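Numbering (UniProt numbering), first residue to last: 1 to 371.
In structure tokens:
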């Protein structure tokens, strides 16, 4: 049956200093459709920005009391980010190293692959986050899927997955995290690692280590820093995925931002995806861990492209507490419910962008199940 289908295309042009939206229509009578709406978002750009390599994805945020803002992972107070080319990709010079850092000890939580074969960085992060086995009633997660602790930085490389690499691959992770920790004057366990790329290949460690000083110097709280990081973590992605929102929680304005990568091998219970979420909300470790768990179950665990899962899937969420808000210490409080809604929205927006960018996908279908 002929239908009207909305198609969203995100394009960035040089020379524009403000965000504008244009709507165009084109006839598709030849394929049975009456019209297709093309929404083109024009965002400020310069010649040397990372999004020259790939455009940004459309973000499908659910409706709610939040406002979408620029900035991605650097929108929240206390966070910096950068992306750069470090020579890890097999070809081309698209950025392949990303760093997200926090000015203070950030409450941290993680959700990881349930694949029996977990990559070295996944094993490392789960140990660094001091895994908790008290999952509670959230049945979508295995008992060892969630963790929480403090962290100050997340280093991500693209090119090599460092999966199925044995003890040598795990040692590479330790050396990389220790080297970055030394540069940032942190403890090694305060640095988390995510990797994506070819399974069976170890990290190009020498290239990564030699790039770290420059990567650290490039970090900033700017939109450009966030965008370059979002590009650097991509592999087969045709678009980068980055989003941030601002909302009121308990009378205080808080921000949540995030970036993710993923295009193929996407399926519930974590897919071939990496994600980093940041917020300046002040929240206890236990509450934040459970909030992240719920948000992942409502977002990344609700998308599928091809029915496959992988070895490296990881979403790490950091809370700086620098918004000036009151501490959220109970999941039953109104503030916790408000923050949960915002966190859900950010992860759902990123998850839908991943599905939209699915390898071989020609449409994005959202299914509502009514009981």
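Backbone N, C-alpha and C fix where the C-beta goes; we use that ideal spot for every residue, glycine too.
None of the values given here were measured: they were computed from a predicted structure.
- By DSSP's assignment, residue 261 forms a beta bridge with 274.
- Closest in C-alpha terms to residue 293, from the list 110, 101, 80 and 66, comes 110.
- DSSP links residue 84 through a beta bridge to 97.
- Residue 158 is positioned such that its CB atom lies closer than 8 Å to that of residue 89.
- Only residues of its own chain outside the window of five on either side were considered, and among them 245, 246, 247, 342 and 345 have a CB closer than 7 Å to the CB of residue 66, listed in chain order.
- Boundaries of the beta strand (DSSP E) harbouring residue 196: 191-198, taken from the DSSP string.
- With contact defined as three or more Cβ pairs closer than 8 Å, the region 170-183 and the region 324-335 are not in contact.
- Going by beta carbons, residue 192 and residue 154 fall inside the 8 Å limit.
- Listed in chain order, the non-local C-beta contacts of residue 119 below 7 Å within the same chain comprise 161, 162, 163, 195, 311 and 312, local neighbours out to five positions each way being set aside.
- Proximity to residue 63 across 349, 362, 367 and 366 peaks at 349, based on C-alpha coordinates.
- In this structure residue 179 does not touch residue 218 by the C-beta definition: roughly 16 Å separates them, more than the 8 Å allowed.
- Taking C-beta atoms under 8 Å as the contact rule, residue 315 and residue 59 fail to qualify, at a distance of about 17 Å.
- Annotated three-state conformation of residue 344 is helix, per DSSP.
- Its Cα nearest to that of residue 124, the residue 189 stands out among 339, 97, 79 and 189.
- Per the DSSP secondary-structure output, residue 67 pairs in a beta bridge with 246.
- About 5 Å separates the Cβ atoms of residue 357 and residue 239, confirming a contact at the 8 Å cut-off.
- Note that the C-beta distance between residue 250 and residue 260 is not below 8 Å.
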